[in-house]
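Okay, structure first, notes after.
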Ligand SMILES: [Zn+2]
Ligand SMILES: [Zn+2]
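In the numbering used here, the protein residues as written are 180 to 396.
Okay, structure coming up:
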């Protein structure tokens with residue numbers, strides 16, 4: 180066997196063509212001791228043992244790396260938002276106009292998901308709730324203050340941070356000013372001191388919840 184063309188791998192104890200050894204400049208013959216196949220298996224084994232022996236350090240390193248990147252990503256997306264503020268707003272408005280209900284529900288779903296709260300309201304259900312609170316002329320009347328709603332918002336009857344979900348049993352349509360007045364307050368606490376509160380509305384709201392909870396039973 181011509182030793183110039185062949186070399187013996189001490190791992191698999193086989194004579195192999197020189198091309199089956201990877202090149203390493205620092206070695207005398209310029210080739211790896213082990214053949215490519217054996218070397219790659221050895222590397223796998225070494226990496227595995229290294230990972231097992233240093234699992235804690237590796238975890239910490241990965242975490243740090245992820246965190247650093249997160250900072251970078253955040254800065255990037257913040258800059259993007261700042262630089263494209265008008266364009267993004269335009270797109271949002273167009274999306275809202277195309278299908279306001281879908282737009283509202285999507286963004287509320289995202290909020291609930293972030294807080295790991297229940298989120299199950301569908302467009303159909305939302306339309307149904309709005310229908311329920313319409314007056315006899317089909318006008319959209321705010322169930323809290325009795326004024327005609329120009330912009331309809333969704334109120335979490337029981338706030339998210341008090342265990343309320345984004346579902347048909349907890350979402351009430353209401354006008355913008357009622358919604359911003361109520362904020363994260365419990366409904367009954369808020370309504371007690373709300374100047375536009377009235378008993379007829381309160382009854383209708385209670386009726387709705389009795390009705391929907393019985394229907395879903
Ligand atoms: Zn080998
Ligand atoms: Zn209102």
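All C-beta atoms, glycine included, are put in the ideal place defined by N, C-alpha and C.
Give a yes or no on whether the C-beta atoms belonging to residue 332 and residue 296 are separated by under 9 Å.
No, the pair does not count as a contact, with Cβ atoms beyond the cut-off.
In the structure shown, what three-state DSSP assignment does residue 375 receive?
Three-state DSSP puts residue 375 in coil, outside helix and strand.
Where does the unbroken alpha helix (DSSP H) through residue 251 begin, and where does it stop?
For residue 251, the enclosing alpha helix (DSSP H) has its first and last residue at 234-262.
Bridge partner(s) assigned by DSSP for residue 193
Per DSSP, 188.
CA-to-CA distance, residue 185 to residue 254, given in whole angstroms:
Distance from the CA atom of residue 254 to the CA atom of residue 185, rounded to whole angstroms, is 56 Å.
Taking contact to mean at least 3 C-beta pairs separated by less than 8 Å, is the stretch 310-321 in contact with the stretch 253-273?
No: the two stretches stay apart, fewer than three of their Cβ pairs being nearer than 8 Å.
In three-state terms, what does DSSP make of residue 365?
The three-state reading of DSSP puts residue 365 in coil, since its state is none of H, G, I, E or B.
Near residue 201, which residues of its chain fall below 6 Å by C-beta distance, leaving aside the five closest residues on each side in sequence?
Once the five neighbours on either side are set aside, the close Cβ partners of residue 201 are 211, 215.
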